[in-house]
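Its first residue numbered 1, the sequence shown is counted upward by one per residue in full-length UniProt numbering. All residues carry an ideal CB built from backbone N, CA and C; glycine is no exception. Presented below is the structure to which this report refers.
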Amino acid sequence: MFRLIKHLIGSVTTRAPQSENVSEEIKRLEEWLQQDHNGLSTLNAVEQENEKKTEPIDPTDCFKRTGTVTSIHSAYLIVDDHFYVPRELLKGCPSATTVEKNTRLQFLAYRRTDPISGECSTKVVKILAVIDGSWTTEDMLVDQVKETAETEEEKESIYYKITERTEPGKVLFKTQNTITVDINSKEEPIEVERDKVRITFVPQVGDLVTLTCTVQSDREYIDLNGEVLEVTVIEPSRLIPGRGTVTVVTKVGGEIKATNDLYFFEMSLLEANGTYRPQVGETVRFEAVENEVIGKRCISLKKIDQCKDESTPASAETKLEPSQRQHQPQHHQRNRDNGTPNDLFDDKNGIRVIGEFDVTFNNVQETVVRVVTIRNESEKRHKIMKLYLPRTTSQLRLLEPQAHSQTFLFPNETADYRFEITSNLYGRSRETCTWSFGGGFKIARSFNIRTGEEDIDGSSEQNPSTTIGARESYVMRKLAALNQSLSRKRYVGGRRMSKAPNFVAFKFGVYDVPKDLFELIASSETDDSVKEQLSAPPYRFDDPLTPDNYRHLLHTALFVEEIHQFIQLRKYDQERVRFVPQDKYLALPMAGISEARPSVIVGDMVYASAPWQDDATVFQGIIHKVLADRVLLLFDNVFHQKYNGESYRVYFESGRGQQRKLHHALDLVPTTLGMDYLFPERITPNEPLMNVVLNEREEMVLYTSEDSGDIGNGDDKERKLAWYNQRLNLYQKRAIVNVLRGEIRPLPYVIFGPPGSGKTLTSIELILQLVANVPNSRVIVATPSNSAAYLITERLVQSGLLKPGEFVRLVSLSQVEQENIPLALAPYCATVSIGDNNCAESEQVLVTESGLRMKVQAKHIGQNRVTISTCSAFGTLMHLRFPTNHFTHVIIDEAGQCLEAETLIPLALINKTVDSVVLLGDPQQLGPVQLSRLTENHCTRVSILERLLTTNRLYAVDRDRFPDSFGYDPRFITQLRINYRSIPSILSVYNEIFYDGMLLPNQLENTADDVKLLGIMHRILEVKRETPDYGLFFFGVDGTNKQAPDSPSWFNNAEACTVIRVVQKLFMKGYEMQDIGIITPYLMQIRTIRRLFETATLDAPKIGTVEDFQGQERRIIILSTVRSSSALLQHDIRGMLGFVANKKRINVAISRAKGALLIVGNPRLLERDPHWKEIIDRAINNNTYVGCTLPPRNQRGGAGGGN
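Put into structure tokens, the structure is as follows:
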């Protein structure tokens, strides 16, 4: 290999650039490499002869030797009566089981002399060969002599030079005696004994470190992959000194902000070496190391004012030295982590408290008996005054003696206490007992109980290496995406769901992803480096959204999301896979694909090529159906006919149709409506389209005369318009009247609808009023999801006020292929033909047996008064030709969930003469879904509804001008204030946290059914509240969040067991699965809970993510928050994972419940978020908290909310 490198260097310096092309050079170098591998050389004879000569090496401490096994033991072998060989060195050797006495081993050894004692010891580093066996390693130095008989030369040692080098690495694992480090030069991690290496700090899992190693070297070249003989030093790869301000302090750690960066510290490590506890606002000097998991981790802290005084006591500085933690009594550390005073758990005055305090159960209701012994090891008599048991325990019972029994203990005497421990809580819990002795001192011990925490599915506890592995996997997908983009080939097209027409009125541009943007994202190692480049010209991604950069930033954001999707799809690529014929399709098996992320949807493509051919033809398959464990594809007919079970290499690509719609609308709307529509700066009042007002009796009155403002001039000038829904409240009626008046047209009118305020009822009433009272109206109703569009269609059908043919629900072909259309709604649904009206091939409309109309043209769509569809599906209508000003009104339901570019699609079908555009939604609930981290917290990720309400002065709150409407200008906004969903105690939680108390309960008191449900919840959870009238419950579970090896998603078995236990008891009380909803942020937790229901042979209620429950409600909602470990808390906050630090998710999650809301989670973790802390404090203050022991500051209470 070195000869090859030498040749390459020479060829680069001597060869003319134009002498030969690249392919010829590659071929020639491959021949060189093959020759070098076979031991051949084109060097001249002199060079070959010189290479064969080896200079003799004087005896060194590193040598190879062949010896004979002289003694065999269970854990080790002895060679030549001198060399100790651990059996673990034989791992991977097929002949290991045949090693016996007189077997000859060839090994590499290292002799080390202790610098202090002068004692010499020899360590066998590696077994190179089992001479009498069948195994040899590739790195064995093969003797030139081929005789098999043992000779004296074989017994002689062959010496190697040794050298010292540094190896970068990261800490993977820690035990009491060893540290395992992953280093770049070895495939396997290296395990280092703590006592035999100098460690300059206390390394933690994930720390980036540098190892100083003694390594084997050979000849004049240092073999960079030479065997590591010994690790001598472990130190941080980078020691970062600095000063900053403490911004966060919790029981387990905190955060320091310094020079625009964040540094994190763990309280347990600080307290192990000193008494200083950082406080928020203090200025500190620190030293930090780099950590793969949390970024920068502090290893020492000192207050700045103490730094100035060199005589500061050692306790003022917290310096983490390696030796200072290893001799702490285990129970001391454990109870200090719990925030309990250290000396309470210390043995004192010659009294020792002895027992087994760690208790593990597989399930609740299991019981064990433990004995605690109190021994007097002093020379004087002591008296046990009393035993204090936990006040609120339901898991610990003293069997004997009685707690108030007083006992004298003479020197060397003992007293036994027998406890019965019964598990009632899943996860980790702690029960503390305190003995009081004469003389005024006390000693405490805690039983640490762990229940239901066994691993399932090969899962593992939260481990930084798992996160690191996921990050490396993402980098690999980025590289695969880059390679895939650079090696595109021609392909044989697959069969699409419908044939494209020859004539289309308006075609979309291609909008290819810019090559430079793709390479920037796919070739960068970290998102931070990409963000830095995106913030610079020409992207300027961090600039605020303005009319000048509007199109540029939104186009770029769409491209970024598409690139992210392309990268993530690489996880589904497979090198060899077989298709399975299924009906007319070829099925590609993909376990769990229906719930996988990113989603694979109908219309996406699979490209297949034969891996055994270098230049194989590529065949494109179109996905027509996505089932639970496979996708169904249609390739070219010839491929189907010839396929005979061969293996193919496959890779995925998403269909670009939706992206092209978004880009097209983004180019179209600014020209048709103008930037002054998207960024309004002033009001241009118009005469009302309909001069309607609400009278004192909340009746809608229409004035028809020119002086309609003079109310009451004559009965002939006014007409009462009927309300179709007689149950509408005042705020819903105001919203409808304001839309019908249309004084700010064409600017959007916002109906701000918090949870349970009747947005859907309001939109249905508005549609019916427009159809009834505006004869020329043609209404577009757009939604972000198919479920929302079907709901509006269903409500219109149920009203019975619109005839078939007056409204239509447009569906995509994917809805037809997936058979997702509700059978009862099929007669009101249609697919669209994008062929021009004059295109003969699209004249015929097909009607299926269910009544679904297929290939409906623009002229048929135009006959409907109301057209309902998703924002995306409305993109199809941009291909069609409609009469000018055909659509008169646009209603966008749940507009807060739509990307701004999505909202532009229905707006692209109108112009400035539109009568009204209505945005219904709630900016406090879930916003648009985008997966790329590069756009999080970015202006392009918010909806147009949220952007107008938060950045535009016309839509801003002004309480001085509009005190009667909570500061909203009624010409622009109406807020729906009456909540129809939750009982008052649940409503008060999200109303006061997220809506400033603006919501009003429709139900002022709990009904008899509510009281019954709350009473049952009280008995199931055993809460301490006296009267069952409060609907928020918090069940504290100190469980463990885990990951399956093949998934980045999290689950918590203890929380899952708690959830199913509560649901089982609810079923026993007569509640059905449709009464209950289970919300959790992670797919793995959803699967875990479902698996438990299957094991228990119970029908599961709906279990889903927050997104799955948006717009829904249940009588009883149970939330499993999953996250329990604090190790990656800051990562969660930055990534807005799960519920932590994402107030929109919290709001949606807790506002789904009608009668009872049960939150299952770890209060120690959740309390760090102010919103979660307020929720937990409300449960505490109302005596509806149960479960694991609370942190001390929560026991003191927090935010209000007492009932």
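Beta strand (DSSP E) containing F566: first to last residue? Residue 566 sits at position 566 when you count from the first residue of the sequence shown. Taken as a continuous stretch (DSSP letters only), F566 belongs to no beta strand (DSSP E), being part of the alpha helix (DSSP H) at 550 to 568.
Determine the extent of the alpha helix (DSSP H) in which K1144 is found, giving its start and end residues. The count along the sequence shown starts at 1 and reaches residue 1144 at position 1144. Under the DSSP assignment, K1144 falls in the alpha helix (DSSP H) whose first and last residues are 1143 to 1150.
Just to check my reading of the structure: R445 and V372 have Cβ atoms closer than 8 Å, yes? What is that Cβ distance to the nearest angstrom? For this step, residue 445 is matched to residue 445 along the sequence shown. For this step, residue 372 is matched to residue 372 along the sequence shown. Indeed, because the Cβ distance is near 7 Å, the residues count as touching under 8 Å.
Close Cβ partners of F874 (< 6 Å) along its chain, the five nearest in sequence each way excluded: Along the sequence shown, one-based indexing puts residue 874 at 874. Contacts found: A782, I905, P906.
Terminal residues of the beta strand (DSSP E) in which Y76 lies: Sequence index remark: in the sequence shown, residue 76 carries index 76 (1-based). For Y76, the enclosing beta strand (DSSP E) stretches over residues 76 to 79.
Using CA coordinates, which residue listed in S1049, I179, P1101 is at the minimum distance from V1122? By 1-based counting over the sequence shown, the position of residue 1122 is 1122. Looking at the Cα atoms, S1049 is the closest of the given residues.
Hey, how far is the Cα of residue 1213 from the Cα of P611? Because the chain in this structure spans residues 1 to 1203, residue 1213 falls outside the shown range and cannot be described.
In chain order, which continuous runs of the alpha helix (DSSP H) of length 4 or greater are located wholly inside the stretch 1076 to 1118? Qualifying alpha helix (DSSP H) stretches, in chain order: 1083 to 1095, 1106 to 1109.
Helix, strand or coil for D527, going by three-state DSSP, please let me know. Stepping through the sequence shown from its first residue, residue 527 is reached at position 527. Helix.
Alpha-carbon to alpha-carbon, H663 and L1083: Within the sequence shown, the letter at position 1083 stands for residue 1083. Within the sequence shown, the letter at position 663 stands for residue 663. Cα to Cα, the separation comes out at about 31 Å.
With DSSP as the reference, identify every bridge partner of residue 1204, one or two as the case may be. The displayed coordinates of the chain run from 1 to 1203. Any statement about residue 1204 would go beyond what the structure contains.
Considering only residues of the same chain and omitting the five flanking positions on each side of F994, which have a CB-CB separation below 6 Å? Position 994 of the sequence shown, counted from the start, is the residue given in the question as residue 994. Excluding sequence neighbours, F994 sits near Q924, N1147.
Do you know offhand how far F508's Cα is from H879's? By one-based count along the sequence shown, residue 508 stands at place 508. By one-based count along the sequence shown, residue 879 stands at place 879. Rounded to the nearest whole angstrom, the CA to CA distance from F508 to H879 is 8 Å.
Do you know how far the Cα of F972 is from the Cα of P748? For this step, residue 748 is matched to residue 748 along the sequence shown. For this step, residue 972 is matched to residue 972 along the sequence shown. Taken atom to atom, the span from the alpha-carbon of P748 to that of F972 is near 8 Å.
Classify E575 as buried or exposed, calling it buried when 16 or more other Cβ atoms lie within 10 Å of its own Cβ. Within the sequence shown, residue 575 is the residue found at index 575, counting from 1. It is exposed - the Cβ of E575 has fewer than 16 other Cβ atoms within 10 Å.
In angstroms with no decimal places, state the Cα-to-Cα distance between R104 and S71. Here the question's residue 104 lines up with position 104 in the sequence shown. Here the question's residue 71 lines up with position 71 in the sequence shown. Looking at the two C-alpha atoms, the distance is approximately 12 Å.
Go ahead and label L823 buried or exposed: buried means 16 or more other beta carbons lie within 10 angstroms of its beta carbon, across all protein chains shown. Locating residue 823 in the sequence shown gives position 823, where the first residue counts as 1. Its Cβ having fewer than 16 others within 10 Å, L823 is exposed.
Same chain, Cβ closer than 8 Å to L633, neighbours up to 5 away in sequence not counted: Against the sequence shown, residue 633 aligns to sequence position 633. G494, F579, Y585, L586, A587, L588, V606, G621, I622, I623, H624.
Whole alpha helix (DSSP H) runs in the stretch 831 to 908 with 4 or more residues, listed along the chain? Within the stretch 831 to 908, complete alpha helix (DSSP H) segments of at least 4 residues are found at 858 to 861, 871 to 874, 900 to 907, given in chain order.
Looking at the unbroken beta strand (DSSP E) that takes in I397, where does it start and where does it end? The sequence position of residue 397 within the sequence shown is 397, counting from 1. According to the sequence as given, residue 397 is Arg; it is not Ile. Its beta strand (DSSP E) spans residues 396 to 400.
Could you compute how far the alpha carbon of P827 sits from the alpha carbon of I861? Locating residue 827 in the sequence shown gives position 827, where the first residue counts as 1. Locating residue 861 in the sequence shown gives position 861, where the first residue counts as 1. Spanning the two alpha carbons is a distance of roughly 14 Å.
Quick one: is S74 buried, meaning 16 or more other Cβ sit within 10 Å of its Cβ, or exposed? One-based indexing of the sequence shown puts residue 74 at position 74. The residue is exposed, with fewer than 16 neighbouring Cβ atoms inside 10 Å.
Quick one: measure Cβ to Cβ for F1109 and G1077, integer angstroms, because I've assumed they're closer than 8 Å. In the sequence shown, residue 1109 corresponds to position 1109, counting from 1. In the sequence shown, residue 1077 corresponds to position 1077, counting from 1. Contact annotation, F1109 with G1077: C-beta distance approximately 6 Å; criterion of less than 8 Å satisfied.
Reduced DSSP category for L633 - H, G, I as helix; E, B as strand; rest coil: Taking the first residue of the sequence shown as 1, we reach residue 633 at position 633. DSSP places L633 in strand when its eight states are reduced to three.
If we ignore side chains and look at the alpha-carbon of each, how far apart do V1011 and I1118 end up? Locating residue 1011 in the sequence shown gives position 1011, where the first residue counts as 1. Locating residue 1118 in the sequence shown gives position 1118, where the first residue counts as 1. Whole-angstrom Cα-Cα distance: 18 Å.
Give the straight-line distance between the Cα atoms of F503 and S833, rounded to the nearest whole angstrom. Your numbering for residue 503 matches position 503 in the sequence shown. Your numbering for residue 833 matches position 833 in the sequence shown. Looking at the two C-alpha atoms, the distance is approximately 11 Å.
Please classify L534: does DSSP put it in a helix, a strand, or coil? The residue you call residue 534 lines up with position 534 of the sequence shown. Annotated three-state conformation of L534 is helix, per DSSP.
What does a CB cutoff of less than 6 Å around I944 pick up in its chain, not counting 5 residues either side in sequence? Taking the sequence shown and counting its residues from 1, the one referred to as residue 944 is at position 944. Taking C-beta separations shorter than 6 Å and ignoring five residues to either side along the sequence, the partners of I944 in its chain run E900, T903, following chain order.
For E1055 versus S1120, is the C-beta distance shorter than 8 Å? Start at 1 with the first residue of the sequence shown, and residue 1055 comes out as number 1055. Start at 1 with the first residue of the sequence shown, and residue 1120 comes out as number 1120. Between E1055 and S1120, the C-beta gap is smaller than 8 Å, which places the two residues in contact.
Could you tell me the alpha carbon to alpha carbon distance between V1037 and V669, rounded to whole angstroms? Along the sequence shown, read from residue 1 onward, the residue named residue 1037 stands at position 1037. Along the sequence shown, read from residue 1 onward, the residue named residue 669 stands at position 669. Straight-line Cα distance between these residues: approximately 51 Å.
Just checking my contact of G1031 with N1052 at CB under 8 Å: how many whole Å lie between their CB atoms? Here the question's residue 1031 lines up with position 1031 in the sequence shown. Here the question's residue 1052 lines up with position 1052 in the sequence shown. The pair is not a contact, with the Cβ atoms about 24 Å apart (cut-off 8 Å).
Answer yes or no: do N424 and V359 have a C-beta to C-beta separation smaller than 8 Å? Stepping through the sequence shown from its first residue, residue 424 is reached at position 424. Stepping through the sequence shown from its first residue, residue 359 is reached at position 359. At a Cβ-Cβ threshold of 8 Å, N424 and V359 do not count as neighbours.
Does N686 pass the burial test, meaning 16 or more other C-beta atoms within 10 Å, or should it be called exposed? Translated into the one-based positions of the sequence shown, residue 686 becomes position 686. Exposed is the call here.
Is the CB-CB distance between G927 and G753 below 8 Å? On the sequence shown, residue 927 is found 927 positions in, with the first residue counted as 1. On the sequence shown, residue 753 is found 753 positions in, with the first residue counted as 1. Not closer than 8 Å, so no.
In terms of residue numbering, what span does the beta strand (DSSP E) encompassing P670 cover? On the sequence shown, residue 670 is found 670 positions in, with the first residue counted as 1. That residue, P670, is in no beta strand (DSSP E); its alpha helix (DSSP H) goes 657 to 672.
Roughly how far, in whole angstroms, is the beta-carbon of Y1158 from the beta-carbon of F1035, given that I think they are within contact range, below 8 Å? Here residue 1158 corresponds to residue number 1158 of the sequence shown, with the count starting at 1. Here residue 1035 corresponds to residue number 1035 of the sequence shown, with the count starting at 1. The sequence shown places Leu at residue 1158, rather than the Tyr named in the question. Cβ atoms of L1158 and F1035 come within 8 Å of each other, at about 6 Å.
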